[in-house]
Structures are given as C-alpha cells and as structure tokens.
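Let me begin by presenting the structure, written as structure tokens, before commenting on it.
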Amino acid sequence: MKRIITHALTVAAITVAIGSTQVHAAGIDTTPSLKRLTWTWDGLFGRYDQKQLQRGWTVYSEVCAACHAVKYLRYRDLEGIGLTKAQTEELAAAAEEIQDGFDDAGEPFFRTRIPSDPIQQPYANEEQAKAANGGVAPPDLSMITKARKRGPDYVFGIQTGYPSDFQGEPPEWWIKQFADPKTGEYDFPADKYFNNFFAGHAISMPPQYVDGVVYEDGSSPTQEQGLIDVITFLNWASDPNLEARKTMGLWVLVYLGVLAGFLYALKTYIWRDVEH
162 MKRIITHALT
172 VAAITVAIGS
182 TQVHAAGIDT
192 TPSLKRLTWT
202 WDGLFGRYDQ
212 KQLQRGWTVY
222 SEVCAACHAV
232 KYLRYRDLEG
242 IGLTKAQTEE
252 LAAAAEEIQD
262 GFDDAGEPFF
272 RTRIPSDPIQ
282 QPYANEEQAK
292 AANGGVAPPD
302 LSMITKARKR
312 GPDYVFGIQT
322 GYPSDFQGEP
332 PEWWIKQFAD
342 PKTGEYDFPA
352 DKYFNNFFAG
362 HAISMPPQYV
372 DGVVYEDGSS
382 PTQEQGLIDV
392 ITFLNWASDP
402 NLEARKTMGL
412 WVLVYLGVLA
422 GFLYALKTYI
432 WRDVEH
C-alpha cells in the first residue's frame, strides 16, 4: 500500500510539474524592455520647447489625426504651444462644420467652428471608427502618454516596434519560438501587424511614417525626430500645466527654505539665554 501511495504521489507531482511548465510556456512574455529616452520636460527644471510643440502639432494634424482624436483639446488651447489667436481661428474655420443644436424645423443646425470648439475628430462616433478600422476603434490620444507607465517611451516603442510593414508577418525569432516544430505552422492573425512592444504583439494599426510632412521652416523631419516631436505634443496635450506646476513647486521650495531659515533664527533668539 505504501509503495502504491508513493507511486501515485510521484505521478501527481510529475503531472503538476509538466502542467506548470506548459502554462508558463504559453504565457511567455516576449516584450522587450522599453528604451529610456530623455525628454525636454524631464526633471525639476524640465520645460517644453514651443517650437518642438508646434512641430509636433504639424505631425499630429498631418499623420495621426486621420485616425486618432484629441477630444479633450480645443482650438484655443493651441495658443499654449505658441500659436496666435488668429491662427487658431483659421484652423477652426478650416475644419468641418460642427452641429450646434437644431433649427426651428427640428433639423440639425451646423455652423463654422470657432476656437472654443473641440478639435475636429476623424470619426462621428465609435461605431464608425470601428467599422473603418477592422472592428477596433483607434484610441483617443489626449491622455495617451498618461495611460501607460513611462507613456512617452511606450508610444515611441510602439511606433518603432514594427519589424515588417505587412500584415500577418511575424519576425523569424517569433516563428522559431512559437511555430509547430513538426509542421512549421504558427498562429498569428493574418489581418494584424506584428509589433515588438504591443501586448500580444498583434496590433491593428499599420506602421506610421512622417514622409511628406513639412515643417513651417520648410524642413522635413527624420522618422525619429518626427516621432519625438509628436510625442512631445501629445505629452503637452495630456499635461498642459506642467510648466506652471513646476514653477509653482520651485517657488514653494524657495518659500520653505526662507521660512526654515526664519524659524531657525527665531528659535535661536528665543533660546539665546538658555544653556544647552
């Protein structure tokens, strides 16, 4: 009986070990570490570069805006990146008309946009966005750099993480690791793009390029520079008060330093005749 029990326990232990190994293998994380970049707004004294913000807006409006909205931004907010009021009025007027209630007949009333209106979104609603993008609505970019840990680095990683420009083409290392050793077949969606930094690696968004983008000064950005510029703009969009907050923080530190010195002098004066 003792031998039977021992044998049963041994078999059970082996089964559990094999099962654990299979579960672990199935859940292998093949996502590489994000590259740590240096951003102009990093640190206590970090600030936005307004020229870079304006270049980032150019990249967003000419490339990203075709699919992604920034629904929390209004045209007048762009004065925060150095655009003039006249420029924001021109941008608003050039966008599609916006619905502003209904007329006396109950029909939708449309008017020209003004700077206080939201920046035009690429799709009228989420259903339309899904229908135009294979069933997946492109995320809003207003808060994208705050939605992930190390958000700016993550966005840069996603945009530079495509080993192929074509759908259904995972890289060789992935095929070798996950393909059936007997048949060579592998399970990767034919309608998805492979991305090194996206969870699960299958992403609906194709690689994005800044080819054709021309900045106000007439220069054309490299792919990396264009990405850095637009990510800087998106970080500003999610945190436009960063500079004011840091300035306030510095003044608070100065105030606390002066207060500490004053309190120390006061304490020294009050206890001047007391022996320690």
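In the working numbering, the protein residues as written are 162 to 437.
Backbone N, C-alpha and C define an ideal beta-carbon position, used for all residues, glycine too.
In this structure Gly345 is exposed. Its beta-carbon is surrounded by fewer than 16 other beta-carbon atoms within 10 angstroms. In the DSSP assignment, Phe423 falls within the unbroken alpha helix (DSSP H) covering Leu403 to Ile431. Excluding the 5 residues flanking it on each side, Tyr376 has same chain C-beta neighbours closer than 7 Å at Arg216, Thr219 and Pro382, in chain order. Per the Cβ contact rule, the segment 393-402 is in contact with the segment 304-320 (3 or more Cβ pairs under 8 Å). Exclusion of the five residues before and after Leu234 leaves Pro279, Ile280, Ser303 and Ala398 as the residues of its chain whose Cβ lies within less than 8 Å of its Cβ.
With fewer than 16 other Cβ atoms inside 10 Å of its own Cβ, Lys337 counts as exposed. The beta carbon of Gln384 sits closer than 7 Å to the beta carbons of Tyr370 and Val371 from its chain, once the five residues preceding and following it are set aside; these are given in chain order. Uninterrupted alpha helix (DSSP H) stretches at least 4 residues long and entirely within the segment 254-341 occur at 287-293, 312-320 and 333-339, given in chain order. Counting only the Cα atoms, Pro324 lies some 10 Å from Glu333.
DSSP places Trp397 inside the alpha helix (DSSP H), whose first and last residues are Gln384 to Ser399. By the C-beta density criterion, Leu388 is buried, having at least 16 other C-beta atoms within 10 angstroms.
Ranked by Cα distance from Ser365, the first of Ile392, Arg237, Ala426 and Ala351 is Ala351.
Comparing alpha-carbon positions, the option among Trp200, Pro299, Arg274 and Arg433 lying closest to Gln386 turns out to be Trp200. Around the C-beta of Val316, 16 or more other C-beta atoms lie within 10 Å, and the residue is accordingly described as buried.
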